[in-house]
Amino acid sequence: MPRATTVSIDLGAISNNIAVLKTSLGATRFMGVVKADAYGHGAVPVAQHIEGSVDAFAVAFTEEALALRAAGIGKPILILEGPHSAEDVALAAEENLWLALHEHSQVDWCLPRGDALPHLWIKIDTGMHRLGFPAEQLSTVRRSLENAGCARLTLMSHLASAELPESPLSKRQLDRWHEIVSDWPYEMSLSNSAASRLGLAAKDTWGRLGYAMYGGLITGSTSNSALKPAMQFHTTVMALRQVGAGESVGYGGHWTAQRDSVIATLPVGYGDGYPWSAQSGTPVAVNGKKVPLVGRVSMDMVTVDVTDCGSVAIGTPAILWGQNPGVDEVAEACGTIGYELITRMTGRATRRYRK
Ligand SMILES: *Cc1c(COP(=O)(O)O)cnc(C)c1O
Numbered sequence: 111m112p113r114a115t116t117v118s119i120d121l122g123a124i125s126n127n128i129a130v131l132k133t134s135l136g137a138t139r140f141m142g143v144v145k146a147d148a149y150g151h152g153a154v155p156v157a158q159h160i161e162g163s164v165d166a167f168a169v170a171f172t173e174e175a176l177a178l179r180a181a182g183i184g185k186p187i188l189i190l191e192g193p194h195s196a197e198d199v200a201l202a203a204e205e206n207l208w209l210a211l212h213e214h215s216q217v218d219w220c221l222p223r224g225d226a227l228p229h230l231w232i233k234i235d236t237g238m239h240r241l242g243f244p245a246e247q248l249s250t251v252r253r254s255l256e257n258a259g260c261a262r263l264t265l266m267s268h269l270a271s272a273e274l275p276e277s278p279l280s281k282r283q284l285d286r287w288h289e290i291v292s293d294w295p296y297e298m299s300l301s302n303s304a305a306s307r308l309g310l311a312a313k314d315t316w317g318r319l320g321y322a323m324y325g326g327l328i329t330g331s332t333s334n335s336a337l338k339p340a341m342q343f344h345t346t347v348m349a350l351r352q353v354g355a356g357e358s359v360g361y362g363g364h365w366t367a368q369r370d371s372v373i374a375t376l377p378v379g380y381g382d383g384y385p386w387s388a389q390s391g392t393p394v395a396v397n398g399k400k401v402p403l404v405g406r407v408s409m410d411m412v413t414v415d416v417t418d419c420g421s422v423a424i425g426t427p428a429i430l431w432g433q434n435p436g437v438d439e440v441a442e443a444c445g446t447i448g449y450e451l452i453t454r455m456t457g458r459a460t461r462r463y464r465k
């Protein structure tokens, strides 16, 4: 019998989310971000499923793009880190990859092949201070690329705190961006999921959307309800026992029953990607009802308190995250973010795809 612990990927939910996001983006073009194995959803099956509904893809580095090309993906793919060598630039010309440039050596690698490169993105540092040229260098970079025959240039930047548009950091970045783009004649792109959901960059040619496409919750946004989580991480109850008041459960005896309790053991643990940092109280749905995780997460198992859950038997379904509880809610109880939980699945639990 196949192991009950599986990761169901609902490709239809991703299509639904793209349609929802496109409505709010209006004329802005849709770049589907599928880096890090499509945030743990499987880059090839996701890209194959959505290729017809996105204008382009984005990944972090060249090897991620080549894996998509090898699987038959033909749409343009933006390399967010840009080239790491002149060879990466040669590959970009051959494979119709778009390159983000954030550093002078990358520009130098591009100049000899200017007219063979389909589309270059110039990344400007507006205040995140991770990647990008300072605004003062933009005109020099732009001129040298134009002189080298680069036909298509897009200006891009990234927000450090897009989910908090009123924060001083966001305000500073948005002010700088609007100043820079006021005399920029070509395409531009500022928005990630949060910025797109909040409509922060009205003139964007491109929205670069990852997390929202997978149905992740964007903090601060009021209209998430139409987005459906694409990943459901689930299993079934493997064992049940009565634990008397005063007895502890799991490694280190970190959780002690305050009353006579019914404890269900689920065959899923940090070996599958369920976070070890999950605290007692982290929600798990058993039989459709949210119950608390109790005790430490093991490599292969977790324990949950199903005392108030009604009828639970061996084989009763349990949901670690999906529609309810959502991955963002679980992440909060683990001191992390939903992005990390979905992206760092270990591959041990089999992924099953649904259209
Ligand atoms: C990952 C990434 C995105 C997508 O961010 P989401 O919050 O997942 O939408 C957009 N732009 C850049 C530069 C990125 O690295």
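Going by the numbering used here, the first residue of the sequence shown is number 111, and it counts up by one from there.
From the three backbone atoms N, C-alpha and C, an ideal C-beta is built for every residue, glycine too.
Look up T332 in the DSSP assignment and say whether it is helix, strand or coil.
Summary for T332: the model assigns pLDDT 49, below 50, so the residue's position carries little reliability; its value from the coordinates is reported in the next sentence. Correct three-state label for T332: coil.
Backbone CA spacing between G445 and L319 [nearest angstrom]
Cα-Cα distance, rounded: 24 Å.
Taking L221 as the reference, give the member of A203, W316, A148, M455 with the closest Cα.
A203 is the residue among A203, W316, A148, M455 whose C-alpha sits nearest the C-alpha of L221.
Does the separation of the CB atoms of L300 and L337 fall below 8 Å?
Going by C-beta atoms, L300 is not nearer than 8 Å to L337.
Are A210 and W231 close, meaning C-beta to C-beta below 8 Å?
One thing to note: A210 has its Cβ within 8 Å of the Cβ of W231.
Give the DSSP bridge partners of D120, in chain order.
Partner(s): R464.
Across which residues does DSSP place W431 in a beta bridge pair?
Note: W431 sits in a beta bridge opposite F343.
How is P402 classed by DSSP in three states: helix, strand or coil?
Assigned with DSSP and collapsed to three states, P402 falls in strand.
According to DSSP, which residues form a beta bridge with E297?
Looking at the DSSP assignment, E297 forms a beta bridge with T264.
Alpha-carbon to alpha-carbon, A304 and T332:
Confidence at T332 is low in this model, with a pLDDT of 49, below 50, so the placement of that residue is unreliable and no value is reported for it.
According to DSSP, simplified to helix, strand and coil, what is R113?
Residue state, collapsed to three classes: coil.
In this structure, how does DSSP classify Q368 when only helix, strand and coil are distinguished?
Residue state, collapsed to three classes: coil.
Contact set for A114: own chain, Cβ-Cβ below 7 Å, skip 5 residues either direction:
Only T345, T346, P377 meet the Cβ criterion.
My assumption, with CB atoms under 8 Å, is that V359 sits in contact with W365. Please give the rounded CB distance.
Correct: roughly 5 Å between the Cβ atoms.
Which word fits D293, buried or exposed, when buried means at least 16 other C-beta atoms lie within 10 angstroms of its C-beta?
By the neighbour-count rule (16 or more Cβ atoms within 10 Å), D293 is not buried but exposed.
Look at the alpha carbon of A443 and the alpha carbon of V414, and state the distance between them as a whole number of angstroms.
Using only the alpha carbons, I get a separation of about 15 Å.
Extent of the continuous alpha helix (DSSP H) to which Q158 belongs
Note, Q158: alpha helix (DSSP H), 153-160.
Considering T453, what are the terminal residues of the alpha helix (DSSP H) in which it resides?
First-last of the alpha helix (DSSP H) with T453: 448-453.
Taking the C-alpha atoms as reference points, what is the distance between M238 and Q283?
Straight-line spacing of the CA atoms in M238 and Q283 works out to 8 Å.
Beta-carbon spacing of P393, V407 below 8 Å
No, they are not a contact pair.
Tell me the DSSP secondary structure of D415 in three-state form.
Residue state for D415 is assigned as strand, using DSSP reduced to three classes.
Across which residues does DSSP place T375 in a beta bridge pair?
T375 has A349, T413 as its beta-bridge partners, per DSSP.
E161 vs K132 beta-carbon contact at 8 Å:
Cβ atoms of E161 and K132: not closer than 8 Å.
What's the C-alpha gap between G362 and M411?
If you take the alpha carbons of G362 and M411, they lie about 15 Å apart.
Looking at V144 and ligand 1, is the gap between the Cβ and the nearest heavy atom below 7 Å?
Every heavy atom of ligand 1 is 7 Å or more from the Cβ of V144, so no.
Per DSSP, cross-strand counterpart(s) of K233
Per DSSP, the beta bridge partners of K233 are M266.
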